[in-house]
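> If you scroll down you'll find the structure; I have some questions about it.
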Amino acid sequence: MVKPGWYVVKFRNEKNVIEVIPSNWIVHFEECNWSSKFGSIKLQEAIKNRLTPSAIGWKTYPIRVICKHIFEYFLLMMMHQISQTQL
């Protein structure tokens, strides 16, 4: 069972794309589910609310987890993501 929270990840096939992903979207710490059916605002809401991925409109993408620390609070995780993108 995965502990509820968020991870900061880098998409392996994208240059410099770092994103916050709910733990329930991560598959074996190697891939993540990502929805192509949401616009930017709805996607951020889905991330914040840890929406459960469905089979329709979701794909898996290879990732690298930047920080193995799971963030249990969304605000702390966002602050960490900002600090990582400024490196």
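Residue numbering for the sequence shown follows the working numbering, starting at 66 and increasing by one per position.
Using N, Cα and C, we set each Cβ at its ideal position, and we do this for glycine too.
1. Determine the closest residue to residue 98 out of 81, 105 and 121, with distance taken between C-alpha atoms.
2. Under a three-way DSSP split, which group does residue 78 fall into?
3. Determine the DSSP secondary structure at residue 88, reduced to helix, strand or coil.
4. Among the candidates 89, 118 and 87, whose CA atom is the shortest distance from the CA of residue 100?
5. Determine the extent of the beta strand (DSSP E) in which residue 100 is found, giving its start and end residues.
6. Could you say which of 105, 109, 79 and 68 lies nearest to residue 127 if we only look at CA atoms?
7. Residues in its own chain within less than 7 Å of residue 131 by CB, not counting five upstream and five downstream?
8. Cα-Cα, which of 71, 70, 68 and 94 is closest to residue 77?
9. Let me know the secondary structure DSSP gives residue 68 once reduced to three states.
Checking against the coordinates, here is how it stands:
1. 121
2. coil
3. helix
4. 118
5. 96 to 100
6. 79
7. 73, 74, 75, 83 and 149
8. 94
9. coil
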